[in-house]
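For what it's worth, our numbering labels the leading residue of the sequence shown as 4, then goes sequentially.
Where is the CB? At the ideal position from N, CA and C, for every residue including glycine.
Everything below concerns the one structure shown next.
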Amino acid sequence: MAALTDIFADYELLEADDRYRLLIDLGRGLEPMPDALKTDATLVRGCSAAVWLYPVERDDGTLHFLADSNAAITKGIVALVLLAVQDRRAEEIVATDIERALAPFDLRNQLSSNRTQGIPNMISLIRRTAERLNG
Numbered sequence: 004m005a006a007l008t009d010i011f012a013d014y015e016l017l018e019a020d021d022r023y024r025l026l027i028d029l030g031r032g033l034e035p036m037p038d039a040l041k042t043d044a045t046l047v048r049g050c051s052a053a054v055w056l057y058p059v060e061r062d063d064g065t066l067h068f069l070a071d072s073n074a075a076i077t078k079g080i081v082a083l084v085l086l087a088v089q090d091r092r093a094e095e096i097v098a099t100d101i102e103r104a105l106a107p108f109d110l111r112n113q114l115s116s117n118r119t120q121g122i123p124n125m126i127s128l129i130r131r132t133a134e135r136l137n138g
């Protein structure tokens with residue numbers, strides 16, 4: 004969670020427009036997701052923009068998520084969510100309170116509701132994936 008804490012340290016000092024830019028920059032930093040993985044099966048439901056999320060279980064037992072969005076700010080939000088769970092073991096993800104980790108960013112009040120409405124669905128999908136693999 005250190006990365007989230009570091010990003011928040013910058014985020015809280017910024018004005019709204021600069022916060023948008025920070026989110027857009029985070030989104031640009033996401034690992035590219037191959038177009039072949041952007042299917043109906045990987046589409047996160049309930050997002051106003053298209054968001055795709057594809058989990059990869061690694062040999063060391065960690066989960067690595069590939070994700071993308073067709074909207075720059077939404078892609079940044081996706082990147083922010085992934086910082087809470089990326090490359091962690093399934094049991095760690097299950098034990099992580101992702102909503103609480105993101106709470107300091109106050110995204111619901113910083114962004115329009117249509118940009119944030121899919122966040123709970125994305126978190127739920129991440130959690131369900133981790134629970135399934137945690138068995």
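Those runs of the alpha helix (DSSP H) which lie wholly inside the segment 46-103 and span at least 4 residues: Runs of the alpha helix (DSSP H) spanning 4 or more residues and lying entirely within the segment 46-103 occur at 75-86, 93-98, in chain order.
GLU134 (DSSP reduced to helix, strand or coil): Three-state result, GLU134: helix.
Which of helix, strand or coil DSSP assigns to GLY30: Helix at GLY30.
Contacts around THR42, its chain only, beta-carbon distance under 8 Å, and the 5 residues preceding and following it disregarded: Excluding residues within five positions, the ones whose Cβ falls inside 8 Å are TRP55.
DSSP three-state assignment for ALA44, whether helix, strand or coil: Three-state result, ALA44: coil.
For ASP20, three-class secondary structure by DSSP: Under the three-state reduction of DSSP output, ASP20 falls in the helix class.
Environment of LEU17 [buried if 16+ CB atoms lie within 10 Å]: Counting the other CB atoms within 10 Å of its CB gives LEU17 a total below 16, which places it among the exposed residues.
Own chain, CB closer than 8 Å to LEU33, minus 5 neighbours either side, in chain order: Listed in chain order, the non-local C-beta contacts of LEU33 below 8 Å within the same chain comprise ALA70, ASP71, LYS78, VAL81, ALA82, LEU85, local neighbours out to five positions each way being set aside.
Secondary structure of PRO123, DSSP reduced to three states: In the displayed model, PRO123 falls within a helix according to three-state DSSP.
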